[in-house]
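**Student:**
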Amino acid sequence: MAELVAVRGQALKRYAFLLCGDDEAADDLVQEAMVRALSRRVPDDLRELERYVRRVLLNIVVDDARRAVRWRRLLPRIALRGEARDRSGEVVDRVSLEEALAVLPMRQRACVVLHYYEDLPVAEVADLLGCTPGTVKSQLHDARKTLARTWDDAEQQPVGTKGEA
1 MAELVAVRGQ
11 ALKRYAFLLC
21 GDDEAADDLV
31 QEAMVRALSR
41 RVPDDLRELE
51 RYVRRVLLNI
61 VVDDARRAVR
71 WRRLLPRIAL
81 RGEARDRSGE
91 VVDRVSLEEA
101 LAVLPMRQRA
111 CVVLHYYEDL
121 PVAEVADLLG
131 CTPGTVKSQL
141 HDARKTLART
151 WDDAEQQPVG
161 TKGEA
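Residue numbers (UniProt numbering): 1 to 165.
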């Protein structure tokens with residue numbers, strides 16, 4: 001790995017910069033890719049190792065982009081407490097972030113907070129919670145379904161009722 005950094009480090013940083021468009025983020029991306037590569041069994045051949053690290057870099061950028069898209073879709077639907085907004089002509093958000101998280105079982109809530117708010121990778125969330133990455137992915141999937149249903153139910157209610165009987 002040290003040889004790769006010495007010989008191809010600048011090329012990897014340029015590649016990361018082209019993927020993300022930010023010099024500091026490129027440094028972080030290369031560092032994260034190296035850490036991930038060190039935690040795996042990687043090829044001994046320098047060319048294969050570089051190819052592997054480049055793939056990891058791309059995967060990180062794609063994962064971050066997907067996460068950003070998910071949040072851009074979710075955030076307009078979450079009414080943060082204390083935020084005054086003019087919602088003339090559009091459906092009023094009735095579910096605060098805290099209320100939305102409160103409907104989730106504790107394990108799903110922990111996965112959502114650690115993965116989306118603390119921005120931890122699935123593997124790290126799994127390690128912290130003492131479960132497998134597959135379990136974390138399943139919990140996140142179930143949580144997203146539950147939250148989507150919660151928000152859809154809130155949007156079905158007439159304005160001003162907010163779950164009142």
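Think of the CB as a built atom: it goes at the ideal place given N, C-alpha and C, for glycine as much as any other residue. Every value quoted in this text rests on a predicted model; they were computed, and no experiment measured them.
Tell me, to the nearest whole angstrom, how far the beta carbon of Leu147 is from that of Ala100; I am working on the premise that it is less than 8 Å.
**Tutor:** Here residue 147 is taken as the residue at index 147 of the sequence shown, counted from 1. Here residue 100 is taken as the residue at index 100 of the sequence shown, counted from 1. With a contact defined as Cβ atoms closer than 8 Å, Leu147 and Ala100 qualify at about 6 Å.
**Student:** Helix, strand or coil: which one does DSSP assign to Ser39?
**Tutor:** Your numbering for residue 39 matches position 39 in the sequence shown. Reduced to three states, the DSSP call for Ser39 is coil.
**Student:** Run the CB neighbour count on Gln139, radius 10 Å, all protein chains shown included, and call it buried at 16 or more, exposed below.
**Tutor:** Here residue 139 is taken as the residue at index 139 of the sequence shown, counted from 1. Buried, since its Cβ has 16 or more Cβ neighbours within 10 Å.
**Student:** Does DSSP put Pro133 in a helix, a strand or coil?
**Tutor:** Translated into the one-based positions of the sequence shown, residue 133 becomes position 133. It is helical.
**Student:** Since Leu19 is in the alpha helix (DSSP H), which residue starts that stretch and which ends it?
**Tutor:** As a working note, residue 19 is residue 19 in the sequence shown. Leu19 -> alpha helix (DSSP H) spans 2-20.
**Student:** Please work out which residues of its chain come closer than 6 Å, Cβ to Cβ, to Leu19, disregarding the five sequence neighbours upstream and downstream, and give them in chain order.
**Tutor:** Counting from 1 along the sequence shown, the entry for residue 19 is found at position 19. Once the five neighbours on either side are set aside, the close Cβ partners of Leu19 are Val61.
**Student:** In the DSSP assignment, find the alpha helix (DSSP H) that holds Val112 and state where it starts and stops.
**Tutor:** In the sequence shown, counting from the first residue as 1, residue 112 sits at position 112. From DSSP, the alpha helix (DSSP H) with Val112 extends over 106-112.
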